[in-house]
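Those sequence lines, one after another, are chains A and B.
Residue 1 is where the first sequence starts when you use UniProt numbering, and the numbers rise one by one after that.
Residue 1 is where the second sequence starts when you use UniProt numbering, and the numbers rise one by one after that.
Ideal Cβ positions, reconstructed from N, Cα and C, are used throughout, including at glycine.
2 protein chains.
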Amino acid sequence: MAKENTTVYIILGLLNHEDLSGYDIKKRADYMIASFWEIGYGQIYPTLAKLEQEGLVTKRVSEESKGPERNLYSITEAGRGELTRWLKVPEQKEYTKYEILLKLFFGSLVPVEESAKRIDAFKTRHTENLKMIEMFKGNLQRVMGEDQDHLFFYITVLFGERIYNAYLEWADEALKLLQETQDEGQEPS
Amino acid sequence: MAKENTTVYIILGLLNHEDLSGYDIKKRADYMIASFWEIGYGQIYPTLAKLEQEGLVTKRVSEESKGPERNLYSITEAGRGELTRWLKVPEQKEYTKYEILLKLFFGSLVPVEESAKRIDAFKTRHTENLKMIEMFKGNLQRVMGEDQDHLFFYITVLFGERIYNAYLEWADEALKLLQETQDEGQEPS
DNA sequence: GTTAGCATGTAAGGAGTTACATGATTTC
DNA sequence: GAAATCATGTAACTCCTTACATGCTAAC
Numbered sequence: 001m002a003k004e005n006t007t008v009y010i011i012l013g014l015l016n017h018e019d020l021s022g023y024d025i026k027k028r029a030d031y032m033i034a035s036f037w038e039i040g041y042g043q044i045y046p047t048l049a050k051l052e053q054e055g056l057v058t059k060r061v062s063e064e065s066k067g068p069e070r071n072l073y074s075i076t077e078a079g080r081g082e083l084t085r086w087l088k089v090p091e092q093k094e095y096t097k098y099e100i101l102l103k104l105f106f107g108s109l110v111p112v113e114e115s116a117k118r119i120d121a122f123k124t125r126h127t128e129n130l131k132m133i134e135m136f137k138g139n140l141q142r143v144m145g146e147d148q149d150h151l152f153f154y155i156t157v158l159f160g161e162r163i164y165n166a167y168l169e170w171a172d173e174a175l176k177l178l179q180e181t182q183d184e185g186q187e188p189s
Numbered sequence: 001m002a003k004e005n006t007t008v009y010i011i012l013g014l015l016n017h018e019d020l021s022g023y024d025i026k027k028r029a030d031y032m033i034a035s036f037w038e039i040g041y042g043q044i045y046p047t048l049a050k051l052e053q054e055g056l057v058t059k060r061v062s063e064e065s066k067g068p069e070r071n072l073y074s075i076t077e078a079g080r081g082e083l084t085r086w087l088k089v090p091e092q093k094e095y096t097k098y099e100i101l102l103k104l105f106f107g108s109l110v111p112v113e114e115s116a117k118r119i120d121a122f123k124t125r126h127t128e129n130l131k132m133i134e135m136f137k138g139n140l141q142r143v144m145g146e147d148q149d150h151l152f153f154y155i156t157v158l159f160g161e162r163i164y165n166a167y168l169e170w171a172d173e174a175l176k177l178l179q180e181t182q183d184e185g186q187e188p189s
């Protein structure tokens, strides 16, 4: 994971659909993309400035009278070209970091309950995530009847569904294994 | 994902089991940990130097006559204390970046076959990974009969198994959806 | 002899996070 | 009047990757 600044393409991809401010980009990204690629303001604003300088986006001040001043960005032809170029290049392999697995891997140093608690918290967290994804899925299925525009969004939602389910199934399996080892350790009274 | 340098704890965790050189650490980490947290030499050697300075590990030159010179590192009591402290702290949420999902998400800009090819490559890659994980699992199950020492390793392997299976099932589902859209687009001849 | 693997490191740079700073507006 | 939200940005810092540099040993 390096070399090509991915933030650039998330911004270009979103702007290809509609004109947005930096703030809007963050909201859109949080809503639709964050589950597989998070970005923060600290990346968005500097990247927008860089993109403008390179002529891949243009900036104008929003004419809305109410509310604070907004900078609206639009993608240029050059920007669209660069986005398309990126879309045709094979992606790098995915990049995952699971601190929980590290802490479990070295788990023999702490009481088993510590590891079990960890997995429980993980389960709770991802039960919530799965619920959200199922809501998404339902909403998308309803609108997809009208136009197939949301197909690619739907495919990423399906990914989340599979992953969160895998998380939960693993958590139960792992808890059961830990339970068994504990039972073996203590004699029946 | 920041603040606590995780490389530190991977190194301490491995050294807690046995004395190792930087090179050994890389090999062990590649073998057992890389599927959920990768580290490189560029992190290992500087971190070892820092840990030595802080008194969490000690360094000695290996006495083996043959082969190039090796620096062997051992964990200290302070190091073990720091490792245990870390193990008791709740982990941060997992950190995933899937470039493939980004390229699919913005996929309406390129021909559908482009997206399908992408998913195919993803499938091939992870079919291999799943094969490797199943081999691991078989080996571990054999040795776990003797001692339960490998339980935590086994639990991380189970995680990999679930995830890779989820990847493959999603890939098939996504390919089927793409196929259907293409079929709708063209009239039967 | 030459390639592959063992072994240790440094330097440069890019990516990403966190904290800080500022101020307007809207809602309760 | 206070709190939440809208909105833009900067600075410092850490993490991580990549490329480079070096040299020995074992196998083919």
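Applying a beta-carbon distance threshold of less than 7 Å, which residues of chain B neighbour residue i?
i	result
Q148(A)	T181
A174(A)	I155 and L158
Please compile the residues from chain B whose C-beta is within a distance smaller than 8 Å of the C-beta of residue i.
i	result
P90(A)	R118 and A121
N165(A)	A166
R125(A)	K93
For a contact meaning CB atoms closer than 7 Å, what does residue i contact in chain A?
i	result
F152(B)	L104, F105, G107 and S108
G42(B)	Chain A residues near G42(B): none, gap ~12 Å exceeds 7 Å.
G138(B)	Here the premise fails: no neighbours, minimum Cβ distance about 17 Å.
R162(B)	A166, E169 and W170
I10(B)	L102
Determine the chain A residues that contact residue i at a beta-carbon separation under 8 Å, and present them in chain order.
i	result
N16(B)	F106 and L109
G22(B)	Neighbours of G22(B) on chain A: none; closest Cβ ~19 Å, over 8 Å.
T6(B)	K97, E99 and L102
L87(B)	K103, F106, G107, L109, V110 and E114
G145(B)	Per Cβ cutoff of 8 Å: no residues; G145(B) is ~13 Å from chain A at best.
Please look up how many angstroms separate the CB atoms of residue i and residue j, rounded, as I've assumed it's under 8 Å.
i	j	result
A166(B)	I163(A)	6 Å
K176(B)	E161(B)	Incorrect: roughly 23 Å between the Cβ atoms, too far for contact.
E94(A)	Y98(B)	5 Å
L109(B)	L87(A)	6 Å
A45(A)	G22(A)	At residue 45(A) the sequence reads Tyr, which differs from the Ala that was named. Correct: roughly 5 Å between the Cβ atoms.
Q53(B)	T7(B)	15 Å between Cβ atoms; not a contact.
Y73(A)	L15(A)	6 Å
F106(B)	L104(A)	Incorrect: roughly 35 Å between the Cβ atoms, too far for contact.
L51(B)	I11(B)	7 Å
residue 221(B)	S115(B)	For chain B, the structure presents residues 1 to 189; residue 221(B) sits outside this window and is missing.
V112(A)	T181(A)	7 Å
A174(A)	I155(B)	5 Å
E64(A)	R70(A)	7 Å
Going by DSSP, which residues form a beta bridge with residue i?
i	result
L20(B)	Y73(B)
Y95(B)	K97(A)
K59(A)	Y73(A)
Along chain A, which residues have their Cβ under 9 Å away from the Cβ of residue i?
i	result
T84(B)	L109 and V110
L177(B)	L151, Y154, I155 and L158
G79(B)	Result: empty, since nearest Cβ-Cβ is about 12 Å, beyond 9 Å.
Quick one, which residues of the segment 91-113 of chain B are near chain A if we go by CB-CB under 8 Å, in chain order? Taking 8 Å as the Cβ-Cβ cut-off against chain A, the residues of the segment 91-113 of chain B that qualify are E91, Q92, K93, E94, Y95, T96, K97, Y98, E99, I100, L101, L102, K103, L104, F105, F106, G107, S108, L109 and V110.
For the segment 25-37 of chain A against the segment 115-134 of chain B, are there 3 or more C-beta pairs whose distance is under 8 Å? Segments in contact, no.
For the segment 137-151 of chain A against the segment 78-88 of chain A, are there 3 or more C-beta pairs whose distance is under 8 Å? Between the segment 137-151 of chain A and the segment 78-88 of chain A there are fewer than three inter-stretch CB-CB distances shorter than 8 Å, so the stretches are not counted as touching.
For the segment 36-46 of chain B against the segment 54-62 of chain B, are there 3 or more C-beta pairs whose distance is under 8 Å? Taking a cut-off of 8 Å for Cβ pairs, the segment 36-46 of chain B and the segment 54-62 of chain B do not touch, as fewer than three such pairs fall below it.
Using a Cβ-Cβ cutoff of 9 Å, what residues of the segment 33-65 of chain A are near chain B? List them in chain order. Of all residues in the segment 33-65 of chain A, only I33, S35, F36, W37 and E38 come within less than 9 Å of chain B when Cβ atoms are compared, listed by chain position.
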